[in-house]
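Q:
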Amino acid sequence: MVRNAMGRISVALDVVGGGVMPGHRTRIRNCGRIALLAALLAACQPGEDAEPTASAVARRLPVVFTVSYPLAWMADRIGGEAIEVVFPAPDDVDPAHWQPTPETILNYQGADLVLLNGAGYAAWVQFAALSPGKLVDTSRGLSARLIPAGEATHSHGPGGAHDHRNVASHTWLDPIFAAAQAKAIASALEVHVPNAPAGLERLQADLAHLDARLAAVFRGWSDAGVLYSHPVYQYLDARYGLAGWSVSWEPDEHPSDAEWQRLAERLRNQRASVMLWEGEPSPATTAKLRELGITPVVFETGAWTPAQGDYLTLMQQNIERLTEARIDGGNEHHP
C-alpha cells in the first residue's frame with residue numbers, strides 16, 4: 045500500500061515515472077500537461093498509465109481508486125495493507141466537480157475496483173469509459189435516504205460555475221449513512237480482502253462513536269438557528285435535526301453588498317446565530333457576521349484530503365471548533 049508520512053492514504057501516483065513522488069502527499073503528475081490523449085499516450089511510458097506503483101505490482105496488491113477522500117479513507121480502514129487505495133483529485137479543485145485528465149482516467153481504467161459515492165457526486169464518471177464490472181456505487185440501495193438538494197448555482201474555484209440541484213451528494217457527513225456506504229465497500233473488497241468484515245466492524249464502531257459525539261455537541265443548535273455558507277451540509281443537517289438554511293458564499297471571497305443585503309432580509313424571518321463554513325472566512329466577513337450576531341465556525345466537510353491526519357482527525361477538529369463556538373458565542377446558541 046502506498047502511504048504518506050503520517051501512515052495514511054497516498055492520494056496519487058507519479059504517472060510519468062511509475063513511482064511515488066516524495067512529500068507528505070503525492071499527486072498524479074500530468075505528462076507535460078499535454079491536452080490530447082494521443083499526445084499523452086506518446087509522452088508517457090507505455091503501460092505505466094494504468095499501473096499504480098511498482099511496489100503494488102510486485103506484491104500484486106488489488107488497486108482501488110475512489111472519487112472522494114472519505115471513500116478512500118473507508119477503503120483503507122477496511123482493506124489495510126492488503127490493498128492500495130488511490131484518490132487522485134488535486135487540492136485546488138472540488139472533487140465533486142473535478143474533470144480528470146485523460147491519463148488519470150486511464151489510471152481509473154487500470155484499477156481493480158472504482159468506488160463511487162453515488163448521489164450525483166463526481167458526475168464525470170457518467171461520461172468516462174470505465175468497466176461497469178469494476179464500479180461500486182456505495183449509495184446504491186440507499187435511495188430512500190437521499191436528500192433533495194434544492195437549487196443553487198455559483199462559482200467555486202478553478203472549476204467555474206456549477207450547481208447544487210436534484211440530490212445532495214455529501215452523504216458521508218451523516219456518519220450512519222457513511223457506515224452504510226462502508227458496508228458496500230467491504231462487500232466489494234471481500235473477494236480481495238478475507239478479513240474485510242473485521243475491518244468493517246472496527247470502522248463502523250468508530251463512525252457510531254463519531255455520530256454520538258456530533259449528536260452531543262449539536263444538541264440544541266436547531267433552536268439557535270444554523271446558517272450554512274454553502275449548500276453541502278444537508279446530511280449533517282438532517283441527521284442532527286439542525287433545521288438550518290444555506291447561502292452560497294466562498295471563504296476566500298468577500299460577499300458583495302447585494303449578498304449582505306439578501307442575508308439581512310432573510311434574517312428578518314429566519315434566525316441564525318451560528319454559520320458553518322468549509323474554510324476560514326476572511327477577517328472582514330467574520331467581523332460583519334459578528335455585527336449581525338452570527339458566530340462563524342469552520343466545519344470542514346472532508347471532501348479534500350486533510351493536510352495531516354485522517355477523516356476522524358478532521359471531524360475531531362470540527363467538534364473542537366463547535367465546542368469553542370458554544371463557549372465563545374455564549375448560551376444564546378444553546379438552551
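Note that the sequence shown ends on residue 379 in our numbering; no numbers are left out. A virtual CB, placed ideally from N, CA and C, is assigned to each residue, including glycine.
Tell me, please, whether the stretch 142-149 touches the stretch 178-192 by the rule of three or more beta-carbon pairs shorter than 8 Å.
A: no
Q: Suppose you measure from the CA of Val235 to the CA of Ala155; what does that come to, to the nearest Å?
A: 15 Å
Q: At the level of alpha carbons, what is the spacing between Ile363 and Leu258?
A: 7 Å
Q: Residues bridged to Leu320 by DSSP?
A: Tyr272 and Val341
Q: Identify, in the order they occur along the chain, each residue of the same chain with its Cβ nearer than 7 Å to the Cβ of Leu333, setting aside the five sequence neighbours on each side.
A: Met319 and Pro340
Q: Kindly identify the DSSP beta-bridge partner or partners of Val111.
A: DSSP lists no partner for Val111.
Q: Pick from Ala369, Gln352, Ala302 and Trp216: whose alpha carbon is nearest that of Ala282?
A: Trp216
Q: At what residues does the alpha helix (DSSP H) containing Asp181 begin and finish?
A: Careful: Asp181 lies outside any alpha helix (DSSP H), inside the beta strand (DSSP E) at Leu179 to Asp181.
Q: Roughly how many angstroms lie between the CA atoms of Leu311 and Gln278, to the nearest whole one?
A: 20 Å
Q: Spatial neighbours of Ala172 within its chain, please: C-beta separation below 6 Å, excluding the five flanking residues on both sides.
A: Ile149
Q: Tell me the DSSP bridge mates of Val130?
A: Phe109
Q: Secondary structure at Ser326, three-state DSSP: helix, strand or coil?
A: coil
Q: Is Ser317 near Gly285, with beta carbons less than 8 Å apart?
A: no
Q: Examine the ligand SAM and report whether any of its heavy atoms sits within less than 7 Å of the Cβ of Phe131.
A: This structure simply doesn't include the ligand SAM, nor any ligand for that matter.
Q: Using 8 Å as the Cβ pair cut-off and three pairs as the minimum, do the stretch 284-299 and the stretch 156-165 touch?
A: no
Q: Assuming Ala232 and Leu115 make a contact with CB atoms under 8 Å, what is their CB distance in whole Å?
A: About 11 Å; that fails the 8 Å criterion.
Q: If you measure between the beta carbons of Leu356 and Leu254, is that distance less than 8 Å?
A: Yes, they are a contact pair.
Q: Specify, as a first and last residue, the run of the beta strand (DSSP E) that Val158 falls within.
A: Start and end: Leu157 to Leu160.
Q: Could you pull out every unbroken alpha helix (DSSP H) segment of at least 4 residues lying fully inside the stretch 259-305, listed in chain order?
A: You should have 265-268 and 278-283.
Q: Nearest-angstrom Cα distance between Ala328 and Glu335?
A: C-alpha separation (whole angstroms): 11 Å.
Q: Taking 7 Å as the limit between beta carbons, can you name the residues of its chain near Leu358, skipping five residues before and five after?
A: Glu344, Gly346 and Pro350
Q: Would you mind giving the Cβ-Cβ distance between Trp117 and Asp267, rounded to the nearest angstrom? I have them listed as a contact below 8 Å.
A: The pair is not a contact, with the Cβ atoms about 33 Å apart (cut-off 8 Å).
Q: Please state the DSSP three-state secondary structure of Pro176.
A: helix
Q: Indicate the three-state DSSP secondary structure (helix, strand or coil) for Pro238 in the structure shown.
A: coil
Q: Skipping 5 residues on each side, what residues in its chain have a beta carbon closer than 7 Å to that of Asn313?
A: The beta carbon of Asn313 is closer than 7 Å to none in its chain, skipping five residues each way along the sequence.
Q: Return the chain-ordered list of same chain residues with a C-beta closer than 8 Å to the C-beta of Leu366, the five sequence neighbours on each side being excluded.
A: Val261, Phe262, Val341 and Phe343
Q: Alpha carbons only, please: which of Val129, Pro106, Arg370 and Ala140 is nearest the one belonging to Trp265?
A: Arg370
Q: Would Val111 and Ala119 be called neighbours here (beta carbons separated by less than 8 Å)?
A: no
Q: Per DSSP, what kind of secondary structure is Glu368 in: helix, strand or coil?
A: helix
Q: Could you tell me the boundaries of the alpha helix (DSSP H) in which Ser231 lies?
A: Pro219 to Leu233
Q: Mind checking Ser183: buried by the 16 CB within 10 Å criterion, or exposed?
A: buried
Q: If contacts are defined as beta-carbon pairs under 8 Å, then Ile127 and Val237 qualify, I think. What distance do you get, rounded to the angstrom?
A: 6 Å
Q: Hey, Leu186 and Phe221: beta-carbon distance below 8 Å or not?
A: yes
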